[in-house]
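K.L.:
Encoded as structure tokens, here's the structure I'll be asking about.
Residue numbers (my numbering), protein chains in the order written: chain P, 1 to 79; chain R, 80 to 575.
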């Protein structure tokens, strides 16, 4: 399940950041990608919500620690 | 109380540090936190004890609401909105009531009397801080804390009067980490270094530029092109050294007690765009607006599939709120609008370029925009604003710049130096030397701003080991600050 999410998430990241080579990992944060500012973050979350058919709570949108936490949250909501 | 005062440096701080370390040495950790809050109340109430009532009430109301949310979670929404209205209402009353009356009078030709309510110190900050906690309670990302840690969180004196806007989850865990209570020599030394660097920026730089700025704005109708840009640039330097110096002192003070406070300034004048400027300037305020207004509002826009519309609407709301928060005058709202428009325009790719020749264009464009909008920010009245802008954008020369340079005679050391020279030189040379001093001041400021900031200086000193040269330089500068500070006390004394 987590692997499936990671694969789908990688595609989303590649699409949002317009980078076909982009790889993600659990420890990754906004600091690791140059273009990942607050607007990009919201675009990313919005795309994830559409693709996975979920809705994040606002505290999770602002308080996302890293990509690993994001994957966990998606797994939780997609149940 | 002010950080840059003798009573703070020689009485309050030593007493608080001694008490804090003694109590922690005897493992009375909670009592130590209570003591810290008590001293912070003294710090706050020093100039006007009546304002303590407002601070205490603010804490009481917000803490009670947090308790009610805990006890009756079904009514969280009700308690949250009550708290929001109460906080913003109180802030609105103290800060904007007279502004509201003024405008009613202007529009309806009435003559309601102004109340001239004095703004309680720091109310904008501790209100915003508690609003962030309240919103986090509403979102479920904050627990209900005990009264001692909550009070310490709001009142911790390094950040009480003018920030940084500390989040509950970055300070309260530190309060409860008792390993931090053990006296740490290195952190203490770091705190002293940062505090002195901040003090130097405030007392030796900001307050010196302030002479030029205040002199200029008090005589705004005399400015010509050159002098108005000199005033504007002086304010650019004054504001940065004042606020970032204060924040350096706040962080330094935090370290003296074993705590890390968030950094508020990251060399903002090196920015290549306005959005970048706001990440580097007053970072915790930007963080507040981004977390609690920008993100929720833009998220709503994205979900409603109206991203484009919200990419314009959201910056407008955020910066108008910011303008309003900074002060009760149309100039602040105009200033906010300027920031919003610049931010919206900065979404274009051009402003994201940081390499090559365009780098200079984006840097200079950002810097010049900053100088102009900061002049608007300082104006405080519409007529001052028109005065300085007219001066900056119409061509005229009347030699007012020389007079501006001579306002530096307010500084005790410069005055002393010039008095010594006075009998021995011609008037022309006298004026030229003042202009020379002013140019040197600008040069020093420009050099400092282009290099490492206080935090970076501290980091590099720690990396190579604090050098003797650095220690001596810092001690000399600190002594210079003390001499300058005693001048301020004398001045105030004469005013009574």
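A virtual CB, placed ideally from N, CA and C, is assigned to each residue, including glycine. Just so it is clear, the structure is predicted and the values come from calculations on it, not from any experiment.
Taking residue 373 of chain R as the query, report the chain P residues whose CB atoms sit under 7 angstroms from its CB, ordered along the chain.
P.N.:
Taking the second chain and counting its residues from 1, one reaches residue 373 of chain R at position 294. Near residue 373 of chain R (Cβ distances below 7 angstroms), the residues of chain P are 38.
K.L.:
Which term fits residue 457 of chain R, buried or exposed, when burial requires 16 or more other beta carbons within 10 angstroms of its beta carbon?
P.N.:
To locate residue 457 of chain R, count along the second chain from 1; it is residue 378. Looking at its Cβ environment, which holds 16 or more other Cβ atoms inside 10 Å, residue 457 of chain R is buried.
K.L.:
Looking at the C-beta of residue 59 of chain P, does it have a partner C-beta in chain R at a distance below 7 angstroms?
P.N.:
In the first chain, counting from the first residue as 1, residue 59 of chain P sits at position 59. Yes - at least one Cβ of chain R is within 7 angstroms of the one on residue 59 of chain P.
K.L.:
Look at residue 285 of chain R and residue 317 of chain R and say whether their C-beta atoms are less than 7 angstroms apart.
P.N.:
The sequence position of residue 285 of chain R within the second chain is 206, counting from 1. The sequence position of residue 317 of chain R within the second chain is 238, counting from 1. The answer is yes: Cβ separation under 7 angstroms.
K.L.:
If contact means a Cβ-Cβ distance below 8 angstroms, which residues of the segment 203-223 of chain R contact chain P?
P.N.:
Of all residues in the segment 203-223 of chain R, 215, 218, 219 and 220 have a Cβ within less than 8 angstroms of some Cβ in chain P.
K.L.:
Identify every run of the alpha helix (DSSP H) within the segment 260-289 of chain R, keeping only runs that are complete inside it and at least 4 residues long; order them along the chain.
P.N.:
Fully enclosed alpha helix (DSSP H) runs of 4 or longer: 264-279.
K.L.:
Check whether the Cβ atoms of residue 493 of chain R and residue 500 of chain R lie closer than 7 angstroms to each other.
P.N.:
Position 414 of the second chain holds residue 493 of chain R. Position 421 of the second chain holds residue 500 of chain R. No; because the gap between Cβ atoms is not below 7 angstroms, this pair is not in contact.
K.L.:
Got a sec? Which residues, its chain only, sit under 6 angstroms from residue 103 of chain R by beta carbon, not counting five neighbours each side?
P.N.:
As a first step, residue 103 of chain R must be located in the second chain, where it is residue number 24. Cβ within range, chain order: 111 and 260.
K.L.:
Measure the beta-carbon distance from residue 211 of chain R to residue 336 of chain R and round it to whole angstroms, keeping in mind my assumption that it falls under 8 angstroms.
P.N.:
For the purposes of this step, residue 211 of chain R is taken as residue 132 along the second chain, with counting starting at 1. For the purposes of this step, residue 336 of chain R is taken as residue 257 along the second chain, with counting starting at 1. Their Cβ separation, rounded to whole angstroms, is 22 angstroms, which puts residue 211 of chain R and residue 336 of chain R out of contact at 8 angstroms.
K.L.:
Three-state secondary structure (DSSP) at residue 361 of chain R?
P.N.:
Taking the first residue of the second chain as position 1, residue 361 of chain R is located at position 282. Three-state DSSP puts residue 361 of chain R in coil, outside helix and strand.
K.L.:
Against chain R, with Cβ distances strictly below 7 angstroms, would residue 42 of chain P count as a contact?
P.N.:
Mapped onto the first chain, residue 42 of chain P falls at position 42. Chain R contact via Cβ: present.
K.L.:
Buried or exposed: which applies to residue 208 of chain R, given that a residue is buried once 16 or more other Cβ atoms fall within 10 Å of its Cβ?
P.N.:
Taking the first residue of the second chain as position 1, residue 208 of chain R is located at position 129. The residue in question, residue 208 of chain R, is buried, as its Cβ has 16 or more Cβ neighbours within 10 Å.
K.L.:
In terms of alpha-carbon separation, which member of R/213, R/198, R/133 and R/118 lies closest to residue 164 of chain R?
P.N.:
Taking the first residue of the second chain as position 1, residue 164 of chain R is located at position 85. Ranking R/213, R/198, R/133 and R/118 by Cα distance to residue 164 of chain R puts R/213 first.
K.L.:
What did DSSP end up calling residue 216 of chain R once you bin it into helix, strand or coil?
P.N.:
Numbered from 1 along the second chain, position 137 holds the residue referred to as residue 216 of chain R. Helix.
K.L.:
Report the start-end ranges of each alpha helix (DSSP H) in the segment 408-485 of chain R that is 4 residues or longer and not cut off at the edges.
P.N.:
Taking only runs of at least 4 residues, the alpha helix (DSSP H) segments lying wholly in the segment 408-485 of chain R are 409-424, 437-458, 461-472 and 479-485.
K.L.:
How should residue 197 of chain R be labelled, buried or exposed, when 16 other C-beta atoms within 10 angstroms of its C-beta is the threshold for buried?
P.N.:
Counted from its first residue, the second chain places residue 197 of chain R at position 118. When all chains shown are included, residue 197 of chain R counts as exposed.
K.L.:
Find out if the Cβ-Cβ distance for the pair residue 303 of chain R, residue 475 of chain R is shorter than 7 angstroms.
P.N.:
The count along the second chain starts at 1 and reaches residue 303 of chain R at position 224. The count along the second chain starts at 1 and reaches residue 475 of chain R at position 396. Cβ atoms of residue 303 of chain R and residue 475 of chain R: closer than 7 angstroms.
K.L.:
Output the boundary residues of the alpha helix (DSSP H) element that contains residue 534 of chain R.
P.N.:
By 1-based counting over the second chain, the position of residue 534 of chain R is 455. Note, residue 534 of chain R: alpha helix (DSSP H), 533-543.
K.L.:
So which of R/543, R/527 and R/120 has the shortest CA-CA distance to residue 324 of chain R?
P.N.:
Taking the first residue of the second chain as 1, we reach residue 324 of chain R at position 245. Closest by alpha carbon: R/527.
K.L.:
Going by beta-carbon coordinates alone, are residue 199 of chain R and residue 133 of chain R separated by less than 7 angstroms?
P.N.:
As a position in the second chain, residue 199 of chain R is number 120, starting the count at 1. As a position in the second chain, residue 133 of chain R is number 54, starting the count at 1. Yes, the pair counts as a contact, with Cβ atoms nearer than the cut-off.
K.L.:
Spatial neighbours of residue 365 of chain R within its chain, please: CB distance less than 7 angstroms, with the 5 preceding and 5 following residues excluded, ordered by chain position.
P.N.:
Against the second chain, residue 365 of chain R aligns to sequence position 286. These residues qualify, in order along the chain: 357 and 358.
K.L.:
Indicate the three-state DSSP secondary structure (helix, strand or coil) for residue 58 of chain P in the structure shown.
P.N.:
As a position in the first chain, residue 58 of chain P is number 58, starting the count at 1. Helix at residue 58 of chain P.
K.L.:
Are the Cβ atoms of residue 24 of chain P and residue 10 of chain P separated by less than 7 angstroms?
P.N.:
As a first step, residue 24 of chain P is located in the first chain; it is residue number 24 there, counting from the start. As a first step, residue 10 of chain P is located in the first chain; it is residue number 10 there, counting from the start. Their beta carbons are under 7 angstroms apart, which means residue 24 of chain P touches residue 10 of chain P by this criterion.
K.L.:
Kindly confirm or deny that the segment 366-386 of chain R and the segment 54-67 of chain P touch, where touching means at least three C-beta pairs closer than 8 angstroms.
P.N.:
The segment 366-386 of chain R, when compared against the segment 54-67 of chain P, does touch it at the 8 angstroms Cβ threshold.
K.L.:
Shortest alpha-carbon distance to residue 273 of chain R belongs to which of R/301, R/549, R/563 and R/565?
P.N.:
As a working note, residue 273 of chain R is residue 194 in the second chain. Minimum Cα distance to residue 273 of chain R is reached at R/549.
K.L.:
How many angstroms separate the CA atom of residue 571 of chain R from the CA atom of residue 491 of chain R?
P.N.:
To locate residue 571 of chain R, count along the second chain from 1; it is residue 492. To locate residue 491 of chain R, count along the second chain from 1; it is residue 412. Caution is warranted here: a pLDDT of 44 is assigned to residue 571 of chain R, below 50, making its placement in the model unreliable, and the coordinate value is therefore given only provisionally. Each residue's alpha carbon lies about 14 angstroms from the other.
K.L.:
Beta-carbon within less than 7 angstroms of residue 404 of chain R's beta-carbon, same chain only, minus the 5 sequence neighbours each way: which residues are those?
P.N.:
Numbered from its first residue, the second chain carries residue 404 of chain R at position 325. Correct list, in chain order: 203.
K.L.:
Residues of chain P with a CB under 7 angstroms from the CB of residue 381 of chain R: which are they?
P.N.:
Along the second chain, one-based indexing puts residue 381 of chain R at 302. Going along chain P in sequence order, the residues near residue 381 of chain R (Cβ under 7 angstroms) are 42, 43 and 46.
K.L.:
Residue 370 of chain R versus chain P: which residues are under 7 angstroms apart at the beta carbon?
P.N.:
As a position in the second chain, residue 370 of chain R is number 291, starting the count at 1. Per Cβ cutoff of 7 angstroms: 62.
K.L.:
Output the distance between the C-alpha atoms of residue 311 of chain R and residue 454 of chain R, rounded to the nearest integer angstrom.
P.N.:
The sequence position of residue 311 of chain R within the second chain is 232, counting from 1. The sequence position of residue 454 of chain R within the second chain is 375, counting from 1. C-alpha separation (whole angstroms): 5 angstroms.
K.L.:
For residue 376 of chain R, would you say it is in contact with chain P, using Cβ-to-Cβ distances shorter than 7 angstroms as the test?
P.N.:
Against the second chain, residue 376 of chain R aligns to sequence position 297. False, the Cβ-Cβ gap to chain P never drops below 7 angstroms.
K.L.:
With 16 as the cutoff for other CB atoms within 10 Å, does residue 328 of chain R come out buried or exposed?
P.N.:
As a position in the second chain, residue 328 of chain R is number 249, starting the count at 1. Burial call: buried.
K.L.:
Quick check on the DSSP output: the alpha helix (DSSP H) that includes residue 329 of chain R runs from which residue to which?
P.N.:
Stepping through the second chain from its first residue, residue 329 of chain R is reached at position 250. Where residue 329 of chain R is concerned, the enclosing alpha helix (DSSP H) stretches over 304-335.
K.L.:
Put residue 63 of chain P into one of helix, strand or coil per three-state DSSP.
P.N.:
Counting from 1 along the first chain, the entry for residue 63 of chain P is found at position 63. Note: residue 63 of chain P maps to coil in three-state DSSP.
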